[in-house]
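Chemist: So that we are looking at the same thing, I have put the structure below in C-alpha cells.
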Amino acid sequence: MAFIIELLPHIFNGLTIGLLFALIALGFTLIVGVMELINLAHGSLFAVGAYLALATMSFFGASGFTSPTLLQYGAALIIAPIGVAILGMGLELGMRRTYGKEPLYGLLFTYGAALVIEEGIRQLWSSNDQYFPTPRIISGGMMFGDLIYPKYRIFASIFAIFMIILLWLFIERTKVGAIIKAGAHDSEMVRVLGVNLTVLRLFVFSFGAALAGIAGIILGPIWGVRPHMGVDAVIPAFLIVTVGGVGSFWGSVIAGIAVGLTSGITAYFAEDWSLMSIYILLAVVLIFRQRGLFGKASSLDT
Amino acid sequence: MTFSKKYLLVLTFLVMLITSVSVLAQDELPPIIIGFTSDASGQYANSGAMDRRGMMMAIEEFNANGGVLGRQIEWVHFDTETNPATATRVAERMISQEGVSFLIGGVSSGVANAISQVAQQHGVIYFNTNSSSPTESGENCHRTKFVWDGHGANFSQATVEGAVEAYGANWLLLTNDYVWGHDTSAATRALAEASGATIVDELLVPQGTRDFSSYLLTIQQQSPDVVAAAVGGDDLRALRIQVVDQGLDTSIAWINNQQDWPDVYGVPPFGIFGTTWYYGFDLPGVDEFVARYQEMFPDTSLSVPGNVLYNGYVATHTLLTVIEEVGTTNNHAIIEALEGREFTAEERMQHFGAWIDADNHHVQQAIYIASANSNPSEEYDIYEIATIVSPEDAMALQDCTLESLEDTPVYEP
Amino acid sequence: MALILSKFRSDFIKMILVFIFFVTVPLWISRVGLYNYIALEILIWCIYGMGYNFALGYTGLPSFGHGAFFGVGAYAMAIYQIHWGGDSLWIGLLLSILAGVLAGGVTGMLISHRRGIYFSLLTIAFGQMFWFLAIKLRDVTKGEDGLLNLQRLPANFGLFSIDLSNTDSLYYFTFALFVIVVVMLWFFIHSSFGYVIRALKQNETRAQFLGYNVTLFKLISFTISTAISALAGGLFALAQQSAFPDVMSLHWSGIIVMMTIIGGGLVSFWGPILGVIFYFITRDIVGGMTEAWLMWFGGTFMLVILFQPEGIAGLWGSLSKRFLTGKPALPTVSTPQEAQHEPV
C-alpha cells in the first residue's frame with residue numbers, strides 16, 4: 001500500500017506530462033489528418049511560438065527574470081500564435097509543388113524547413129537558453145499533503161484540457177470543423193462539395209502551426225526556451241500520432257496521456273530510462289496494431 | 001605556340017617571381033595562432049563565451065607590448081557545441097587546416113577530453129581552462145594537456161566533511177550524466193561515506209534536462225538531509241529556477257559542487273557551493289582586473305568577471321609568459337617549463353600561491369566555499385565567501401600516467 | 001551475365017573517373033584550402049551514402065534512422081578495441097559489419113512489412129532507440145563522452161603489414177574498401193536481385209502479385225544497406241579514433257538523407273557521392289564565412305525538393321544532354337536506373 005501511495009505522485013506527474021504531450025500533438029495530428037502530411041517543421045513552429053511570446057512580453061515591458069503581468073502574458077498568448085500562423089502560411093505556400101507527389105516529399109520539405117527555422121532562431125536570438133517567466137499567480141509551489149508540486153504545471157495541464165475540448169468542439173460543432181472532418185476522410189469529396197481545397201489546406205496548415213505555437217508558449221517555462229526545443233517537441237508529437245493512429249483526434253489525446261503515464265511511472269522506478277519506455281511503448285503498440293490504436297487506412301501507408 | 005600563349009606564360013612567370021620576392025622581403029615573423037576551443041552553443045554556451053573573453057584579455061595585453069618573441073598573437077575560434085564529437089573535428093581542423101600553435105579552452109569535460117586526445121597525437125599543447133572532471137588530470141591526463149580549474153574532487157574534499165557534520169548523514173546525489181558528473185559524484189560519495197554518511201539514492205540527470213519535476217518529487221519523497229548536486233551549466237540554471245520556484249531551496253540543504261559565474265546571473269544561488277575566484281576579493285590587482293574587463297567589454301549582461309573568465313585569462317597569460325621566458329614555441333621546452341611551475345598568490349589573484357603538479361599537470365590551488373550573500377554591497381555582490389581552503393587541504397590527487405616526452409611528437413609552430 | 005558485363009562496360013568509364021578523382025585527392029586537396037583529414041571523412045561518408053542509397057534510391061526505403069547503423073558500426077570497432085583489447089583491423093571491421101547486419105536485420109524484421117511514411121516513422125523510432133541506448137549504456141559506451149583513444153590498427157596481410165596511423169595511408173586503405181563497395185553495389189543492383197528490388201520500389205503491390213516475397217526482399221536490401229553503413233561507421237571510428245553517440249541522432253540521420261537527395265541519389269548511382277562532397281564543401285567553405293551555413297544548406301535542400309528532386313546528378317544529366325544535342329533534355333535522366341527513374 002505504501003508503494004502505491006509513493007507511486008501516486010508520479011502517476012499524477014505522468015498525467016500532466018501526458019496532457020502536455022497531447023497539447024503538443026494537436027496541431028501535428030490535425031495536419032496529418034487533413035493533408036496527409038508529416039510536418040517535421042512542427043517542432044520548429046513550436047519553438048518559434050515560445051520565442052515570439054518572449055518577444056511580445058518584452059515588447060510590453062516584461063523582460064529578464066521578472067514575472068510578467070497577466071496582461072503581458074495574455075498578449076503573448078494571443079499575438080505569438082498569430083505570428084506562427086503567418087509563418088505557417090508561408091510554408092504552406094512554399095510546399096504546394098509537393099502536393100500530388102508522394103507524401104515523402106512533404107516530409108522532406110518540412111525537414112529542410114525545420115533546419116532552416118532552427119538556424120534562423122540561432123541567428124535571431126542566439127544559441128543561448130532563454131528563461132520564460134510566468135505570471136506570479138501561476139508560479140511557485142503548491143502543497144499536496146507533504147509534497148510540493150509546481151503550480152505552473154497544474155495550470156498548464158488545465159490549459160491543455162481546455163485546448164483539447166475547444167478543438168474538439170470546433171471540429172464537431174462548426175461548419176469549418178465539418179469540412180475539416182470531411183477533408184480528413186476524403187479530400188476529393190470535399191472538392192466535389194464545392195469547397196476550395198487550396199484555401200482549406202492553407203487554413204488547416206496555418207491553424208496547425210498556431211496550435212504548435214501555443215504549445216510552445218505553454219511548454220516554454222517548463223522546458224526552457226532554446227533553439228533545440230523544436231526537436232524535443234517534434235519527436236513526442238510524431239510518436240503520439242503513430243501510437244494513437246493517423247487521423248484520429250481522440251487517438252492522439254489518449255496516446256498522449258498513455259505516453260505521459262508510461263514515462264512518469266517509469267521515472268519512479270528508473271528515472272533516466274523514462275524516455276526509452278516511450279519507444280518501447282511505441283514498438284509494442286505497433287507490433288500488435290499496424291496503424292496504431294485508432295488509425296485508419298490512408299495514402300501514407302502505401 | 002602562339003604569341004598570346006607565350007605572353008601568358010611570361011606573365012605568369014613574372015607574377016610568380018614578384019610574389020616570391022615579396023614574401024622573402026617580409027622580415028615580419030609569422031603570428032602565433034591560438035585556437036579557442038570553447039563552446040558557443042549547448043549546455044555551456046555562456047561559460048564558453050566568458051572563457052574566450054578571458055583569453056582575449058591576456059592576448060590583448062601581450063599584443064599591446066609587442067607580442068611574444070617579437071611575434072603577434074592571433075586567435076581563431078570554432079564552436080565545439082558542448083559536444084565531444086564536434087570537438088574532435090574542431091581540434092583536427094584547427095591543427096591541420098588553421099595551423100594553430102596552441103589550443104586553449106574547454107568547459108565541458110567530455111569536450112576537453114576529446115580535444116586533448118587529438119592534441120596529444122599532434123603534440124600540440126592544450127590548456128583545459130574550465131572543465132573540472134577529476135579524470136581530466138587523472139585517467140584522461142596527457143603530457144600536452146594542462147588543467148587549470150579546481151576539479152570536482154577538490155570541491156568535494158573542501159565541502160563534504162563539514163556538511164555531514166552540519167546538516168546530517170542522509171545524502172542524495174544528483175548527477176549530470178556525463179564524465180564530470182559521474183566522477184564528481186563518485187568523489188563525493190567516497191568522501192561522504194568516509195565521514196559516516198549514507199547515500200540514500202543517486203539520480204542521473206541527462207545532459208540537456210530542463211524539466212526536473214519528477215526528480216524533485218523523488219527528492220521530496222526520499223527527504224534526504226543533503227542533496228549534493230553535480231549538475232552544470234544551463235542544466236543547473238534550469239534546476240535552480242525550479243527549486244527556487246517551489247521553495248525547495250530552504251527545506252533541504254543543497255551542496256552544488258561548483259558554481260560557475262555565468263550560471264549565477266538572474267537566479268541567485270542557494271545552498272553552499274565552491275568556486276576558485278570572486279571579483280569581490282580584497283586582494284591586490286583584482287580591482288584593476290575588473291576595471292580592465294569592463295573597459296574591454298562594456299556592453300555585456302555580465303558586467304563583472306567571474307571564475308570562468310579568470311581561468312581563461314590566467315591560463316593564457318601563463319602560456320604567453322612561459323613562451324617569452326623559454327624563448328621558443330617548442331612544445332617540449334614549454335611543457336618542461338610548465339611542469340612544477342609555481343605561482344605567487346599575487347600572480348594568481350588568490351589568497352594562496354599555486355603550482356602545476358608535474359605528475360598530473362593539474363594546477364593545485366585554493367578552493368573557496370561560498371553561499372549566497374544575504375547582505376550584498378551592490379547588485380553583483382552575489383557570493384559570501386565562508387571558507388578558504390588552502391591548495392594542500394583541497395588537494396585530491398588522481399591516478400594519472402603521462403606519456404613520456406619521447407612519445408609526444410615535437411611541435412614547434 | 002553477358003548483359004551485365006556489357007552494362008558494366010558502359011558504366012566502366014564513369015567508375016574509373018570517380019576512382020581516379022579519389023586517388024588523386026590527397027595530392028591536391030591542401031591546395032584548394034582544405035586538408036587531408038577532411039578528404040578521409042568525405043570518403044568514409046561516401047561509403048555511408050552509397051550504402052544508404054541502396055535502401056533509399058534503389059529499394060525505395062526512406063529510412064530516417066540510418067545514423068543508428070553507422071553508429072553501431074563505430075561502436076563495434078571501439079568496443080572491440082577498448083573492452084576486448086582487440087588489435088586486428090580485420091576482426092574490427094568484420095565486427096562492424098556484423099553489428100550492422102544484426103542491428104539492421106532485427107530492425108528490418110520488425111519494420112519491413114510497413115510501407116511509405118509509416119516505414120519512415122518507424123525508422124525514426126528505432127534510430128532514436130539505438131541512439132538512446134548508446135547514451136544510456138554508460139558502462140559499455142561511456143555515454144555522451146564517447147569511447148576515446150582508439151588505435152588506427154595496421155592492415156596486416158600476413159607477409160607484410162601496412163601502418164595506417166597516418167591520415168593519408170588510412171585514406172588509401174579506405175579508398176580500397178570504397179572501390180570494393182562500389183563495384184559490389186553495382187553488381188548487386190544489376191543482378192536479378194537488383195531488378196526485383198527496383199520493381200518493388202516502383203510498385204510494391206504489383207511485385208507482390210508477381211509472386212515475390214516483398215517483405216523478404218526489403219529486409220535483405222535494408223540489411224545490406226545497414227551493413228555497408230556500419231562498415232563506414234567502423235572506418236569513421238578509426239578516423240576519429242573515437243566513437244560518439246552523436247552520429248546516431250535524428251539530426252545526423254537526417255543529414256545523410258539530405259546529402260543523398262541533394263546529390264541525386266534518387267536517380268543516379270553516383271548521387272550520394274556528389275551530395276557528400278557538396279555537404280562537406282558547404283560546411284568547410286561556406287561555414288568559414290558564416291556560422292549560419294546549415295541554414296543555407298537546409299534552404300538549398302528545400303529548393304531541391306521543390307524544383308530539382310533529381311539533385312545535382314539530375315541537373316548534370318540534363319545540362320550535359322542539352323549541351324551535347326543542343327536540344328532541351330527530356331525530363332528523364334539516363335543513369336544506372338535507366339528508364340525506371342521515378343521519384344521515390
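Chains H, S and C, in that order, are what the protein sequence lines are.
Numbers 1 to 302, taken from the numbering used here, label the letters of the first sequence in order.
Numbers 1 to 413, taken from the numbering used here, label the letters of the second sequence in order.
Numbers 1 to 344, taken from the numbering used here, label the letters of the third sequence in order.
All C-beta atoms, glycine included, are put in the ideal place defined by N, C-alpha and C.
(1) Under DSSP, the alpha helix (DSSP H) around GLN117/S begins and ends at which residues?
(2) Closer than 8 angstroms by beta-carbon distance: list the chain C residues that pair up with TYR178/S, in chain order.
(3) DSSP three-state call for HIS332/S: helix, strand or coil?
(4) So LEU89/C is in the alpha helix (DSSP H); what residue range does that whole segment cover?
(5) Compare the Cα-Cα distances from MET302/C to each of GLY112/H, SER248/H, ALA25/H and report the closest residue.
(6) Over what stretch of residues does the beta strand (DSSP E) that includes SER371/S continue unbroken?
(7) Is it the case that the region 133-148 of chain S contacts the region 387-406 of chain S, given that we only count it when at least three CB pairs across the two stretches are under 8 angstroms?
(8) Between the C-alpha atoms of VAL344/C and PHE205/H, what's the straight-line distance to the nearest angstrom?
(9) Which same chain residues end up closer than 7 angstroms to ALA345/S when comparing Cβ atoms and leaving out the 5 residues on each side of it in sequence?
(10) With a threshold of 8 angstroms, are at least 3 pairs of Cβ atoms found where one atom belongs to the region 92-110 of chain S and the other to the region 34-50 of chain S?
(11) Just the Cα atoms here: how many angstroms apart are ALA233/H and SER377/S?
(12) For ILE29/C, report the span of its alpha helix (DSSP H) as first-last.
(13) Along the region 87-110 of chain H, where does the CB come closer than 8 angstroms to a CB of chain C? Name the residues.
(14) Taking only beta-carbon positions, decide if TYR73/H is within less than 8 angstroms of chain S.
(15) Quick check: the region 252-263 of chain S against the region 143-157 of chain S, are at least 3 beta-carbon pairs closer than 8 angstroms?
(16) Could you run through the region 76-87 of chain S and flag, in chain order, every residue whose CB is less than 8 angstroms away from some CB of chain C?
(17) Chain C partners of GLY105/S, CB-CB under 7 angstroms?
(18) For TRP273/H, decide whether its Cβ has a neighbour in chain C, counting only Cβ atoms nearer than 8 angstroms.
(19) Strictly under 8 angstroms for the Cβ-Cβ distance: is ALA25/S near chain C by that measure?
(20) How long is the line joining the alpha carbons of ASP359/S and ALA230/S, rounded to whole angstroms?
(21) Measure the C-alpha to C-alpha separation of GLN123/H and LEU54/H and round it to an integer number of angstroms.
(22) Looking only at C-alpha atoms, which of ILE273/C, SER63/C, VAL183/C, VAL276/C sits nearest to TYR226/C?
(23) Only counting the same chain, and skipping five residues up and downstream in sequence, which positions put a Cβ closer than 6 angstroms to that of ALA394/S?
(24) Take TYR380/S and list the residues in its own chain whose beta-carbon comes closer than 7 angstroms to its own, dropping the five residues that flank it on each side.
(25) Using three-state DSSP, classify SER161/C as helix, strand or coil.
(26) How would you list, in chain order, the residues of chain C whose beta-carbon sits under 8 angstroms from the beta-carbon of GLU347/S?
(27) Compare the beta carbon distance of ALA22/H and GLY216/H with 8 angstroms and say whether it is the shorter of the two.
(28) Measuring CB atoms only, is the region 207-219 of chain C touching the region 11-21 of chain C, in the sense that at least three cross pairs come out at less than 8 angstroms?
(29) Helix, strand or coil, according to DSSP, for SER334/C in the structure here?
(30) When you check each C-beta in the region 262-292 of chain S against every C-beta of chain H, which residues fall closer than 8 angstroms?
(31) Just to make sure I have the definition right: I need the residues of chain H whose C-beta is within less than 9 angstroms of the C-beta of ASN46/S. Which are they?
(32) Check each residue of the region 101-121 of chain C: if its Cβ is closer than 9 angstroms to any Cβ of chain S, include it; give the result in chain order.
(33) Taking three-plus beta-carbon pairs below 8 angstroms as touching, is the region 166-175 of chain H in contact with the region 241-251 of chain S?
(34) Quick one: what does DSSP say THR382/S is sitting in, helix, strand or coil?
(35) From which residue to which residue does the alpha helix (DSSP H) around LYS218/C run?
(36) Under the assumption that ARG422/S contacts LEU309/S (Cβ atoms under 8 angstroms), give the Cβ distance between them as a whole number of angstroms.
Modeler: Looking at the coordinates:
(1) Annotation for GLN117/S: the continuous alpha helix (DSSP H) segment containing it runs 109-122.
(2) Under the 8 angstroms cutoff, chain C gives GLY143, GLU144, ASP145.
(3) Three-state result, HIS332/S: helix.
(4) Note, LEU89/C: alpha helix (DSSP H), 89-111.
(5) Taking only the C-alpha atoms, the option nearest MET302/C is GLY112/H.
(6) First-last of the beta strand (DSSP E) with SER371/S: 367-372.
(7) The way I'd put it, the region 387-406 of chain S does touch the region 133-148 of chain S; three or more beta-carbon pairs between them come closer than 8 angstroms.
(8) Legend: pLDDT at VAL344/C = 36, less than 50; position of this residue unreliable, no value from coordinates given.
(9) Excluding sequence positions up to five before and after ALA345/S, its CB lies within less than 7 angstroms of the CB of HIS351, PHE352, GLY353, all in the same chain and listed in chain order.
(10) Enough Cβ pairs lie closer than 8 angstroms, so yes.
(11) Going from the Cα of ALA233/H to the Cα of SER377/S covers about 43 angstroms.
(12) For ILE29/C, no alpha helix (DSSP H) segment is defined, and its DSSP state is neither H nor E.
(13) Cβ contacts with chain C: GLY94, MET95, ARG97, THR98, LYS101, GLU102, PRO103, LEU104, TYR105, LEU107, LEU108, PHE109.
(14) Not an interface residue.
(15) Counting Cβ pairs under 8 angstroms, three or more are found: they touch.
(16) For the region 76-87 of chain S, the set of residues with a beta-carbon nearer than 8 angstroms to any beta-carbon of chain C comprises ASP79, ASN83, PRO84, ALA85, THR86, in chain order.
(17) None at all; the shortest Cβ gap to chain C is about 17 angstroms.
(18) TRP273/H counts as touching chain C.
(19) Bear in mind that a pLDDT of 49 at ALA25/S, under 50, signals an unreliable position, so the number given afterwards is only what the model happens to contain. No - not a single Cβ of chain C is within 8 angstroms of the one on ALA25/S.
(20) C-alpha of ASP359/S to C-alpha of ALA230/S: approximately 26 angstroms in a straight line.
(21) For GLN123/H and LEU54/H, the distance between alpha carbons rounds to 16 angstroms.
(22) For the sequence presented, residue 226/C should be read as Thr rather than Tyr. Cα-wise, what sits closest to THR226/C is SER63/C.
(23) For ALA394/S, the CB contacts under 6 angstroms within the same chain, skipping 5 residues up- and downstream, are ASN154, GLN157, ALA158, ILE367 in chain order.
(24) Within its own chain, the residues whose Cβ lies closer than 7 angstroms to the Cβ of TYR380/S, once the five positions on either side in sequence are excluded, are SER303, VAL304, listed in chain order.
(25) In the three-state scheme derived from DSSP, where H, G and I count as helix and E and B as strand, SER161/C is classed as strand.
(26) By Cβ distance, chain C contributes nothing, its closest Cβ being about 33 angstroms from GLU347/S, past 8 angstroms.
(27) Note that the C-beta distance between ALA22/H and GLY216/H is not below 8 angstroms.
(28) Counting Cβ pairs under 8 angstroms, fewer than three are found: no touch.
(29) With a pLDDT of 36 at SER334/C, under the threshold of 50, the modelled position of that residue is not reliable, and no figure is offered here.
(30) When CB distances to chain H are screened at a threshold of 8 angstroms, the residues of the region 262-292 of chain S falling below it are GLY266, VAL267, in chain order.
(31) Against chain H, the beta carbon of ASN46/S has neighbours under 9 angstroms at ASN128, ASP129, listed in chain order.
(32) With the criterion set as a beta carbon lying under 9 angstroms from some beta carbon of chain S, the region 101-121 of chain C has no members that meet it.
(33) Cβ pair count under 8 angstroms is below three, so no.
(34) For clarity, residue 382/S is Ile in the given sequence; the question names Thr instead. Here ILE382/S sits in coil by DSSP.
(35) Boundaries of the alpha helix (DSSP H) harbouring LYS218/C: 214-240, taken from the DSSP string.
(36) Residue 422/S cannot be examined here, being either before or after the span of chain S that is shown, 1 to 413.
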